[in-house]
Amino acid sequence: MSRLSQFTIAAIGTLAITGCATMNVSSHVQRGLDISRYHTYDWGPADALPAGDPRLEQDPFFQDHLRGEVEKAMTLHGFEWSAAGERPDLLMHYHANISERLDVDRLDVQRGYCGENGCDVPTRQYEAGTLVIDVIDARTNRLLWRGWAQGAVKGMLANQDTMARQINEAVARMFEEFPKPL
Amino acid sequence: MRPLARLIVVGVSAFTLAACATTNVRSFVERGIDVGQYRTYSWGPAGEQATGDPRLDNNEFFQERIQAAVERHLNARGFEKTTTEASDLFIHYHASVQQLVNPDGVDQPYATCEGCEPYVYDAGTILIDLVDARTHRLVWRGWAEGSIDGVVDDQAWMEKRVDDTVARIMERLPRGMGRAS
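These protein sequences, in sequence, are chains A and B. Take 1 as the starting number for the first sequence in the numbering used here and just add one per residue. Take 1001 as the starting number for the second sequence in the numbering used here and just add one per residue.
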């Protein structure tokens, strides 16, 4: 591939990513982790602190859909749900948080002087949701991987289709970052 | 090294620091305490406080990085890590994140706002307390605050930032504290 076309592809790729990325996804992983040592998983007890947002964590649709998507993703990565009565290799937790975030509007109008008290910074509040998924070693109880997705929750709480789409995107993109067998 | 050359080296490194590190570091020490009396430490009970950033709450990778960095500096100072019962000092740390607005000058009197671009950023704080294990009084507190935009999403960057920040906080431990100082 020539340098130029490579550059063009990279540029378009960047554009496409920034164009649609209203959701921010990333992860942390235990250094040197060999995920191939683990085969089975189960959902662990909910984590204690701090409380997730009840609008999400007590919404049965949210819970069911999220768990379903995560279970699909785990199956795709080759993990099995542990048999009843057996200790799983991995325990999964999720945590859904909604918090107020600030944004600053552009100061397009303020071309003049600001007066003796200066101008106010035009800020806007919005609700940002963070979905965290933790994967824990069931034997040692140590965190192996944490993935998260963050984005505005506008419209998501009132509309199940929107919520489902957001969950699908969040889980799919988080699990793209899931550790691969060494 | 000749004084002039040394001055230039100091000048250059100060410049590089100022250019990339907007982290503010502060500390205070309890007056009238013999800081030289402490030899051993252990971690105090972890107060499970929310950080204000769900990515960092109960995040063992983050917590262990801070603890490892603090221990490295304490050990280098000649402190010895012991059991809770045997320690002279309890160490606590707290990390928090909050959004702050940088007005970029528009809040100044008679600001002319062409090209002003106020912005919001995530300000992160790491605070480290050394507490007298016997009296439970705070002996020393050091903390650092700075923008962490983008840092948490990049694990390697977060690790480096934790290491650098803890180093800068621990540098401020008073002279005479620890066997090796």
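All C-beta atoms, glycine included, are put in the ideal place defined by N, C-alpha and C. The structure presented is a predicted model; accordingly, all values stated were derived computationally and were not measured.
Quick one: measure Cβ to Cβ for V1070(B) and I1128(B), integer angstroms, because I've assumed they're closer than 8 Å.
Contact flag correct, Cβ pair sits at about 6 Å.
Is the shortest distance between the beta-carbon of Q1155(B) and the beta-carbons of chain A less than 8 Å?
Interface residue, yes.
When Cβ atoms are compared, which residues of the stretch 1092 to 1107 of chain B fall closer than 7 Å to chain A?
Flagged, chain order: Q1099, V1101, P1103, V1106, D1107.
When the cut-off is 8 Å and only beta carbons count, does L56(A) lie next to chain B?
Not closer than 8 Å to any Cβ of chain B, the Cβ of L56(A) fails to qualify, so no.
Between M92(A), G147(A), H95(A), G118(A), which lies nearest to D1104(B) when the distance is taken from Cα to Cα?
The shortest C-alpha separation from D1104(B) is found at G118(A).
Between the alpha carbons of V1025(B) and V1097(B), how many angstroms are there, rounded?
Roughly 16 Å between the two C-alpha positions.
Does A21(A) come out as helix, strand or coil in the three-state DSSP assignment?
At A21(A), the pLDDT of 43 sits below 50, so the modelled position is not reliable; the number obtained from the coordinates is stated separately. Of the three classes helix, strand and coil, the one that applies to A21(A) here is coil, per DSSP.
Do we get a CB-CB distance below 8 Å when we pair E1080(B) with the residues of chain A?
It does not; no Cβ of chain A falls within 8 Å.
Going by other Cβ atoms of all chains shown within 10 Å of its Cβ, with 16 needed for buried, is G129(A) buried or exposed?
With 16 or more Cβ atoms within 10 Å of its Cβ, G129(A) is classed as buried.
Nearest-angstrom Cα distance between L1173(B) and G151(A)?
Using only the alpha carbons, I get a separation of about 40 Å.
In chain order, what residues of the stretch 125 to 156 of chain A put their CB closer than 7 Å to some CB of chain B?
Of all residues in the stretch 125 to 156 of chain A, T130, V132, R142, L143, R146, W148 have a Cβ within less than 7 Å of some Cβ in chain B.
Pairs of beta-carbons, one from the stretch 88 to 107 of chain A and one from the stretch 35 to 45 of chain A, closer than 8 Å: are there three or more?
Yes, since at least three Cβ pairs between the stretch 88 to 107 of chain A and the stretch 35 to 45 of chain A fall closer than 8 Å, the two stretches touch.
CA-CA distance, V70(A) and N159(A)?
Their Cα atoms are separated by approximately 21 Å.
Could you spell out where the alpha helix (DSSP H) holding H1073(B) opens and where it closes?
Start and end: 1060 to 1076.
Verify the CB distance criterion: does A1123(B) have a CB-CB separation below 8 Å to chain A?
No - not a single Cβ of chain A is within 8 Å of the one on A1123(B).
Could you run through the stretch 1039 to 1072 of chain B and flag, in chain order, every residue whose CB is less than 7 Å away from some CB of chain A?
Under the 7 Å Cβ criterion, the stretch 1039 to 1072 of chain B contributes E1048, A1050, P1054, R1055, D1057, N1058, N1059, E1060, F1061.
Quick check: what's the CA-CA separation for Y1119(B) versus M174(A)?
Straight-line Cα distance between these residues: approximately 28 Å.
Kindly confirm or deny that the stretch 1052 to 1064 of chain B and the stretch 1140 to 1160 of chain B touch, where touching means at least three C-beta pairs closer than 8 Å.
With the cut-off at 8 Å, the stretch 1052 to 1064 of chain B and the stretch 1140 to 1160 of chain B touch.
Tell me the residue span of the alpha helix (DSSP H) that contains G68(A).
That run of the alpha helix (DSSP H) goes 60 to 76.
If you measure between the beta carbons of L1138(B) and E1030(B), is that distance less than 8 Å?
Against a cut-off of 8 Å, the Cβ pair of E1030(B) and L1138(B) comes out as a contact.
Any beta carbon of chain A sitting closer than 8 Å to that of V1151(B)?
No, because no Cβ of chain A sits closer than 8 Å to the Cβ of V1151(B).
Can you have a look at W1140(B) and say buried or exposed, based on whether 16 or more other CB atoms are within 10 angstroms of its CB?
So W1140(B) ends up on the buried side.
Determine which residues share a DSSP beta bridge with L1130(B) and list them.
Its beta-bridge partners are I1091(B), W1140(B).
At a CB-CB cut-off below 8 Å, which residues of chain A make contact with V1162(B)?
Within chain A, no residue comes near V1162(B); the closest Cβ sits about 12 Å away, beyond 8 Å.
Do you know how far the Cα of R139(A) is from the Cα of E86(A)?
Looking at the two C-alpha atoms, the distance is approximately 12 Å.
Hey, could you find the ends of the alpha helix (DSSP H) N185(A) is sitting in?
Residue 185(A) falls outside the range modelled here, since chain A spans only 1 to 182, and no answer is possible.
Enumerate in chain order the residues of its own chain whose CB-to-CB distance from T1165(B) is below 7 Å, with the five nearest sequence positions on each side excluded.
Taken in chain order, the residues that qualify are T1023, I1126, A1144.
Near W148(A), what residues of its chain come up, given a Cβ to Cβ distance below 8 Å and the 5 sequence neighbours on each side ignored?
Counting only Cβ-Cβ distances below 8 Å, and skipping sequence neighbours, we find V25, S26, S27, T130, L131, V132, I133, M174.
Just curious, the beta strand (DSSP E) that T40(A) is in, first and last residue?
That run of the beta strand (DSSP E) goes 40 to 43.
Find the nearest neighbour of P1045(B) within the set H1094(B), N1075(B), D1053(B), judged by alpha-carbon distance.
If we check each option's Cα against that of P1045(B), H1094(B) comes out closest.
So which residues on chain B does T123(A) lean against when the C-beta distance must stay under 9 Å?
Residues of chain B passing the Cβ test: V1101, P1118, V1120.
Skipping 5 residues on each side, what residues in its chain have a beta carbon closer than 6 Å to that of G1178(B)?
Once the five neighbours on either side are set aside, the close Cβ partners of G1178(B) are R1077, G1078, F1079.
When you compare the CB positions of V1131(B) and H1092(B), do they come within less than 8 Å of one another, or not?
In contact: V1131(B) and H1092(B) (Cβ atoms closer than 8 Å).
Determine, using beta carbons only, whether P1109(B) comes closer than 8 Å to chain A.
Closer than 8 Å: yes.
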